[in-house]
Structures are given as C-alpha cells and as structure tokens.
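Remarks on the structure that follows.
Number of protein chains: 2
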Amino acid sequence: MSEQQLNYLKENRSKNLAALYDFLKIPSVSTDSTFKKDVRNAGQFVYDYLNEIGFSNLEMIETDGHPIIYGEYMGAGKDAPTVLLYGHYDVQPADPYEEWISEPFLPEERNGRIYARGASDDKGQVFMHLAVFEAFMKTEGKLPLNVKVCIEGEEEIGSENLHNYLNAYPEKFAADFTVISDSGMIAENQPTILYGLKGFTGIEIEVTGPSYDLHSGIYGGAVKNPAMALAQLLATMKNKDEQITVSGFYDGVEDLTKEERELIKNVQGENYLETTGAIQTISEKGYSAKEHTMARPTFEINGIYGGYQGEGTKTIIPTSATAKITCRIVPNQDPERIQDLLETHIEKYKPAGVKVKVKKEKLSAKAYKVEPTDPLIVKAAESYERAFKKEAVFVRMGGSIPVVEWLDNLYEHPVVLLGFGTPDDRLHSPNESFPLNSFDLGMETIVYYWNTFKKE
Amino acid sequence: MSEQQLNYLKENRSKNLAALYDFLKIPSVSTDSTFKKDVRNAGQFVYDYLNEIGFSNLEMIETDGHPIIYGEYMGAGKDAPTVLLYGHYDVQPADPYEEWISEPFLPEERNGRIYARGASDDKGQVFMHLAVFEAFMKTEGKLPLNVKVCIEGEEEIGSENLHNYLNAYPEKFAADFTVISDSGMIAENQPTILYGLKGFTGIEIEVTGPSYDLHSGIYGGAVKNPAMALAQLLATMKNKDEQITVSGFYDGVEDLTKEERELIKNVQGENYLETTGAIQTISEKGYSAKEHTMARPTFEINGIYGGYQGEGTKTIIPTSATAKITCRIVPNQDPERIQDLLETHIEKYKPAGVKVKVKKEKLSAKAYKVEPTDPLIVKAAESYERAFKKEAVFVRMGGSIPVVEWLDNLYEHPVVLLGFGTPDDRLHSPNESFPLNSFDLGMETIVYYWNTFKKE
Chain U
47 MSEQQLNYLK ENRSKNLAAL YDFLKIPSVS TDSTFKKDVR NAGQFVYDYL NEIGFSNLEM
107 IETDGHPIIY GEYMGAGKDA PTVLLYGHYD VQPADPYEEW ISEPFLPEER NGRIYARGAS
167 DDKGQVFMHL AVFEAFMKTE GKLPLNVKVC IEGEEEIGSE NLHNYLNAYP EKFAADFTVI
227 SDSGMIAENQ PTILYGLKGF TGIEIEVTGP SYDLHSGIYG GAVKNPAMAL AQLLATMKNK
287 DEQITVSGFY DGVEDLTKEE RELIKNVQGE NYLETTGAIQ TISEKGYSAK EHTMARPTFE
347 INGIYGGYQG EGTKTIIPTS ATAKITCRIV PNQDPERIQD LLETHIEKYK PAGVKVKVKK
407 EKLSAKAYKV EPTDPLIVKA AESYERAFKK EAVFVRMGGS IPVVEWLDNL YEHPVVLLGF
467 GTPDDRLHSP NESFPLNSFD LGMETIVYYW NTFKKE
Chain F
47 MSEQQLNYLK ENRSKNLAAL YDFLKIPSVS TDSTFKKDVR NAGQFVYDYL NEIGFSNLEM
107 IETDGHPIIY GEYMGAGKDA PTVLLYGHYD VQPADPYEEW ISEPFLPEER NGRIYARGAS
167 DDKGQVFMHL AVFEAFMKTE GKLPLNVKVC IEGEEEIGSE NLHNYLNAYP EKFAADFTVI
227 SDSGMIAENQ PTILYGLKGF TGIEIEVTGP SYDLHSGIYG GAVKNPAMAL AQLLATMKNK
287 DEQITVSGFY DGVEDLTKEE RELIKNVQGE NYLETTGAIQ TISEKGYSAK EHTMARPTFE
347 INGIYGGYQG EGTKTIIPTS ATAKITCRIV PNQDPERIQD LLETHIEKYK PAGVKVKVKK
407 EKLSAKAYKV EPTDPLIVKA AESYERAFKK EAVFVRMGGS IPVVEWLDNL YEHPVVLLGF
467 GTPDDRLHSP NESFPLNSFD LGMETIVYYW NTFKKE
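Same order as they appear, the protein sequences are chains U and F. The working numbering puts the first residue of the first sequence at 47, with every later residue one more than the last. The working numbering puts the first residue of the second sequence at 47, with every later residue one more than the last.
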C-alpha cells in the first residue's frame, strides 16, 4: 500500500534533490552570530515547505536565539495516534574551510554522496521527512497519522531555548511518541535501531596567570606558566589506562552485562583505524573501543588554546590558557553532578600561582534508553528491514541528543530514533556528506513506517 | 668634555623624537611575511640616517630574509680602538591588537613614556646611538673611536641570516669590542651592568591523532585525544617544584655561589606581583624568583593550541594539538644537547595512540658571561653613574641575545651590554613603552662612554 508514495518520490527525485540543495546552501551555523540571518532563512525554508504541502497552525516561534519551526497535520482524526517529529535546521561551523574539497555550502555529488555541511546532520534527514509528507499529501491527500513538527535552530549549541519553551508550553508538543532522524546506522545499508544514547555535559577551564603576556626571558622562573598549569591539571583528570580519575565520576555506572558485551561484539562495527586515520585504537582498560564508544562514559578535550600560535617563535609566558571539555555520560550519571565533581577536582588539583575559572556548560542531558521490544520500535525495525532488505541491529551509541532525554522526561513516551547517517559522513568535520542510497532508502523506510499506522 | 654633544642633543630633542617616531611608525614585524616590505623600510631608515651623518662604506646586505645594515666610521685613526655597535630594527608582532591603548605603530607619549611596538626593543635604543653619533659629527666633526655599525632585521626570529653572514665574512665586523643596547636596567633610573645572559633554545611539539576532527560522541573512547596526549606529555616535563624533569637537563649547571646569591639578594629587583599581576611568585624549589629568573634555566610553553577555539561548543576530538616551547639556558648547557634531551624524553613518554613530531628551533645560543672587572665594563659603569647620578649594580639576567654569544665566540672580545629599558616596558606584549627619562639619560651615558675613548 506504499506504492503510490514510493512512485511519487521516484518521479520527483530531481526536484527533491534540487530543493534539498537549496536548503543545504544556507549557511545556518547557529554558534556563530555572523550567520544569524542565514540560520533564520533555513528555518523559513522549513516553514514554507510545510505551508506548501498543507500543514496547518504554522508558527515561527521566536526565542532569545534562533526560531523554532512548528506545524501540524491533524487530519487523521481523533482516533489516530499523534507523532512528534523533531529535527534541526542549524549546522556546525564549517571551519577549517581550507580542508573542504568542495565548498561546504555549495552541495556537490561525488561517489554517490552529497557533500555539504548539514547533508547528514541534520538538514538532509529533516528534508527526507518533509518530502515524505509531501508524497502522502500529493498522492492520498492525507497522512496515516497526526503529526506535530518541531524543527529547531539551536541543536548544535545545546537547544537551550527549545528546552525553555518545552517546559513553558508542554501541551504544544504533546504527542503519543516522538520520531527523530538525527543519527546514523552502524554501517552503510545496515538498518540500525538505536535503543540507547549517551548524555552530555561540559565545562570550560580557564587558567589565568600574569595579567598580560610576559617576556619569557625576564619573567621565566618568577611566575607559573598558565599553559603548563593547564597541562598539569588536565593530566590529573585521566590516567594512562584512559580511566577518568575524577573522584566519584563512575558512581552508579553499571558495568556491561555479558549479554550487552555479546550484543556489542556481534555488531559489525566500523573499522576505527580506517575511518579515523588513528594509528591505534585506545580505550578504557577492560573495554574494547566499540564497548567504550557505545556504552562507557567519556571525557574529551574539544579544544585547547593559549599564547602564541602564529608563524615563528614568540618567547612569551601567556597570560592565560583555556580548555573546552565535554563528557558523554551513561545511565545513572547526572550531568550537573558530573560538572560539580569536575569542579571539585579542579579546585583540589589546580597548581599554585594561577587563577582557575570553571565555566559550566549550561545545557546538558542525561543518557537515554528505550525498550527494544516496544511495539513502536519493532515497527520501525520492520520498516527499515523492508526498505534496506537486511535485518536490523540493535545498538547503544556514544552520541547525545539532549532533546531525546527532555522529551522522554517530559512526555514519558517512546522516542524512536530513525537515523540514516553512516560512519563515513564526517559529521562536525570538513567534507561532511550523506549517501544518496540513504536518501532514497531512508525515505522508503519512513513511508513504510507511517503506513504501519494506517487503519485498514 | 661632553658638553658640546649634550647641548646638541638638548637643542635637537624635538627633531630627534620626531625622527624616532618616524622609525617606530614602520611595522617591521620580521616573523610575519605580510610585513616584509615594512621590515625593509625600517632597515632603509637606519641606512639613510648613517648616510646623512657621514658614515661610509654603507651597505644594505641582502640575505635570504631581511637585510643587514652595515656602515662604518674609521676617522679616529689606526691607533684608536674600533667598536662594533650591534642592534636590530625588527620588532615582535603586535597582536593582540585590541589590547593596545594606543595604536602599536602610532607612537604616543603618555606618563613620561613613549608607547609603541619597538620603543624599547630595540628601535628606541638603536635610535639613541644614531642620535649620539650625529651629535658628535655635528659638533666635533668626528668620533672618539672607530665604529662599525651592524643593525639587523631578524633578531626577533633568531638572527639566522646574520649568523650565516658572520661566519662567512668574519672580517667584516671584526672589532676590539662590541656594544649592544638591547637590554634593560633592573629598575627605572638604576644603572645596571649585565654581566651574564641566558642562552636560548626551543622546540615545537605536534601531537597528531585522527586524520580529521572527529565527532566526540561517535569516536570518544576509540581513539586517543591529541590534546589530552599533549597535556599528559607536557606534565611529565616539569614537576610541582618547578624542576624540569627531563633527564640530563641540569647536567653541568653550576649551583649559585654564596656570593652570587648575596649579589642577587642585594639587587633591588622589581616587585614581580605588581609588574606581572600574578597572584603568587612561583619558582624552582630552593631558589627565589629573582634567583630563578636571573641565573637558573627555564622551560616555558609559549603557546598551546588544538581543536575548537571559537564561540560556543564544538564536540570534537581534535586531529592535532601543538605546543611551542622555549628554554632559557645557563653556562655549561649546550642548546643542541638540550634539544636532543627534550626529544629523547618526548620519545620515551609520548602516550600510545598518537604520532608526535618534534620540530627543533634552528637557531639557539649558549649563555654568556663577561668579567665585571674588565676595563671596558668599568668604563661603562662609570658613564652610567655619571648620567643617572646613581651607583651601578651588576647583575645576570634571564633574557637571551644569541648574537652576544656568537660575537663572543667569534671574536673573543668583550661585549658590553649598555641597556636602558625598564621592567615596565612590556617587551613583546601589548602597550610596549620606553621612558623618556631613559631616552635622555641613556644618550647622555653613551656620550660619556664614547668620550672615555678620546685621546687627551
């Protein structure tokens, strides 16, 4: 019974790709205020699309930052379930620009992939849903279930304004379940049900010493070097076994069960060395790289800086040095508590002679887990398998989607992660891309999935 | 017998200051190729000045980098001594520009100081010598001794080309002694004889992990974080007692004698907390801050960088992280050996899972010491005292002037460091300045000094 929609998508493939490219061309980098207007324009794209295909009660919800796009379709009637579709139209910064083979905001097709910032995360996947809605409206004039659409513009910067709005107006987005396509499959063409996601929290450590950059000859030996102080402090936070040595960090973290280890082992994961170019995998003692990335908490320095970075030499003692850190956390770890533990550790271990300021990342999220046997999850797996002609695997993953945890907490309803990215997509990196194969079979999966809600 | 010159300088003070300002206005940043032409223009300024006051055999010596300005005055005759005057017309980068109160290359007088990049290091002090030469030529038509002038444009980037030229044409600059004004006094108005300088060497450590920035959720736990690897590595190089923990680093370093400790103690040094804004002085265990800066070797991180530095958060594992390091060394430490020791240490302690590349700073220098009782030094002290009306102090200092060591090795003649900077000059930092008082009394000192070579 999905023939009509699939035919419509086939016939309109060129038109759809052209529209997606228009969407990708908008540099909607939410973290950089230079792109404020572009971010809004990307939101407007979603708004206009929903409007054109007949969604109602459209709103561009203004926030203190970038707007949230809302729209709904209630034509399936009171007895039909209502799904909340969440996604985001903002993207990560594209720098370093010089490492892109083609322009980040000028989509290009190469090797069966669409290359552009946001192709996979998350504009490409948001667009697939829009196109599938259109296919239903243009063929049957209706959808098999009621839909509330919430596409935000601040996912890459922590979704703070959506978080506030959700808490202020919970009724607005109330639904029976949520669907999100903002994740990936463990391999190209391998249907993947994500039944667990890590949570997320972060801090910034700023070490300040002298009030200006000092001449290292005149003052070397009189004051503490802030870059060295930072290095010494960071080195107290993780040991050689890649264990996080912050007191209390692992409190409540449950060890992997034999069954989970078996499940992870059987997942045909990616070849980390090949994908990343690292010379060796490095993971927590007692856990494989796959186990650590999928199910154990992490502590990563995302950026470090201080002093002279230019050409040649500048013989100074820098006035300050900074490290940006994020942790991915697992069930039973509370993000605010983790921030407190980090702060306590830093206070205890900070070297003498410098000031250390800890800035806590405002937005964070607990980890998320859903029952793999939930009928909504089972239906999703079946739809996947029908489109990709391959059995779905069930995995936990290291990524975090804070909104998943919020919706889970707020509505206590299942969140279905219907992701179509692949390990080679280079999310957040230069040369992000998305396979055309995922584009086509992903839409097919979504068509099948919505049709499972059709009343016969 | 110096009256004539001092009167001339007094009468021409405004003209001299205006000319100095013209010199300071040229952004001769040698490390940044953007300023290549400006660097040359600053050299041309020196050339033109020497030409105008009657120096001969002028040359703008071309090198692989910036030119060396040469000129001589041989009018004092064969029996008179010949001095080599060394200085540099290049300056440190001015960044961060936004921290300057007035423009770095638009000199401004405030609080009795000239504010501009290079005001103290070294254009201001080079100019004083030019003005004094002029004063002699315009009043007596001659100088009391023969002079060879060597003003280079690459001091701030290691003087590599001067080094090569010196070794290729040692005769060119041969003289009975050298005078350099590129250093400071321990306090404003405190005549200071520097009888020892530290040497200098450096390395850059680049830690590389994945071949591109990775998503920290997907890959955190599978590969080593290069920024953490760098922090862990740096932390093995210095301990909590500020001792450098690189095997062999202190080999041959002589401990301070009781007399030297006494001498350093009696030097009325600067108030480090006041000058630097640090909350506490930190120095090697067993040595005061003054002792460490003046006479003990140092290891400083001049800059550290890797990963995301922008606004907000970017959840990546950076592809690489880099630290720029320089060491100031003391007598009996060989710079190349120190580089080798650092490299050996890094090879031994580098964390698993990353590649580490050590780039050795090409140019370096041994430490320098001169006998405080040498007649040329005694004369300098007397001239200082006469101008500043205060007894001179004798100190060793933490700065390095590689060319001092080269000239010392090459010519085996005394190098007299006649510096007029002060601790508040903020060399290499935003808001560099030079006291007008040093400008006036410094020129007076130089006049007295040259006149000690006058045959009565």
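For glycine and all other residues, C-beta sits at the position ideal for the given N, C-alpha and C.
{"Asked": "Inter-residue CB distance, residue 269 of chain F and residue 324 of chain U (contact presumed, cutoff 8 Å)", "Found": "4 Å"}
{"Asked": "Buried versus exposed call for residue 124 of chain F [16 or more other C-beta atoms within 10 Å across all chains shown]", "Found": "exposed"}
{"Asked": "Where the alpha helix (DSSP H) through residue 369 of chain F begins and ends", "Found": "From DSSP, residue 369 of chain F is part of no alpha helix (DSSP H) but of the beta strand (DSSP E) over 366–375."}
{"Asked": "Bridge partners - residue 362 of chain U, DSSP secondary structure assignment", "Found": "U:261"}
{"Asked": "Where residue 47 of chain U falls, given that 16 or more other Cβ within 10 Å makes a residue buried", "Found": "exposed"}
{"Asked": "Residues, ordered as in the chain, of the region 225–249 of chain F that lie near chain U by beta-carbon distance below 7 Å", "Found": "244 and 248"}
{"Asked": "Any C-beta of chain U under 9 Å from that of residue 357 of chain F", "Found": "yes"}
{"Asked": "Within-9 Å CB hit, residue 495 of chain U to chain F", "Found": "no"}
{"Asked": "Integer Cβ distance of residue 338 of chain U from residue 346 of chain U, believed to fall under 8 Å", "Found": "Going by Cβ atoms, the distance from residue 338 of chain U to residue 346 of chain U rounds to 12 Å, so no, they are not a contact pair."}
{"Asked": "Beta carbon proximity, residue 164 of chain F to chain U, threshold 9 Å", "Found": "no"}
{"Asked": "Cβ of residue 378 of chain F within 9 Å of any chain U Cβ", "Found": "no"}
{"Asked": "Three-state class that DSSP yields for residue 104 of chain U in the structure shown", "Found": "strand"}
{"Asked": "Short CB-CB distance (under 9 Å) between residue 277 of chain U and chain F", "Found": "yes"}
{"Asked": "Contact set for residue 140 of chain U: own chain, Cβ-Cβ below 6 Å, skip 5 residues either direction", "Found": "150 and 163"}
{"Asked": "Start-to-end residues for the beta strand (DSSP E) that takes in residue 443 of chain F", "Found": "439–443"}
{"Asked": "Residue 350 of chain U: contacting residues in chain B (beta-carbon distance under 7 Å)", "Found": "Among the protein chains in the structure shown, which are U and F, there is no chain B."}
{"Asked": "Close Cβ partners of residue 333 of chain U (< 6 Å) along its chain, the five nearest in sequence each way excluded", "Found": "342"}
{"Asked": "Anticipated Cβ contact below 8 Å, residue 404 of chain U with residue 181 of chain U, distance rounded", "Found": "Not quite, the Cβ-Cβ distance comes to about 50 Å (not below 8 Å), so this is no contact."}
{"Asked": "Contacts that residue 363 of chain U makes with chain F (C-beta to C-beta distance below 7 Å)", "Found": "346"}
{"Asked": "Residue 247 of chain U, DSSP secondary structure in three states", "Found": "strand"}
{"Asked": "Unbroken alpha helix (DSSP H) run spanning residue 61 of chain U, endpoints", "Found": "59–70"}
{"Asked": "Any chain F beta carbon closer than 9 Å to residue 310 of chain U", "Found": "no"}
{"Asked": "Buried or exposed (CB count within 10 angstroms, at least 16 for buried), residue 160 of chain U", "Found": "buried"}
{"Asked": "Interface residues of chain F facing residue 445 of chain U [CB-CB closer than 8 Å]", "Found": "261, 263 and 264"}
{"Asked": "Coil, strand or helix - residue 176 of chain F by DSSP", "Found": "helix"}
{"Asked": "DSSP state of residue 459 of chain F mapped onto helix, strand, coil", "Found": "coil"}
{"Asked": "Inter-residue Cα distance where the pair is residue 312 of chain U and residue 399 of chain F", "Found": "25 Å"}
{"Asked": "Contact check, residue 105 of chain U vs residue 117 of chain U, beta carbons under 9 Å", "Found": "yes"}
{"Asked": "Segment contact, 8 Å Cβ cut-off, at least three pairs: the region 277–297 of chain F with the region 383–402 of chain F", "Found": "yes"}
{"Asked": "Of the residues U:96, U:261, U:238 and U:233, the one placed nearest residue 475 of chain F, counting alpha carbons only", "Found": "U:261"}
{"Asked": "Secondary structure of residue 254 of chain U, DSSP reduced to three states", "Found": "strand"}
{"Asked": "Cβ contact check for the region 234–245 of chain F and the region 413–422 of chain F: 3 or more pairs under 8 Å", "Found": "yes"}
{"Asked": "Residue from U:78, U:146, U:135 and U:90 with nearest C-alpha to residue 472 of chain U", "Found": "U:146"}
{"Asked": "Burial state of residue 287 of chain F (16 or more Cβ within 10 Å)", "Found": "exposed"}
{"Asked": "Beta-carbon proximity check, residue 134 of chain U vs residue 187 of chain U, cutoff 9 Å", "Found": "no"}
{"Asked": "Buried versus exposed, by CB contacts within 10 Å (16 or more), residue 465 of chain U", "Found": "buried"}
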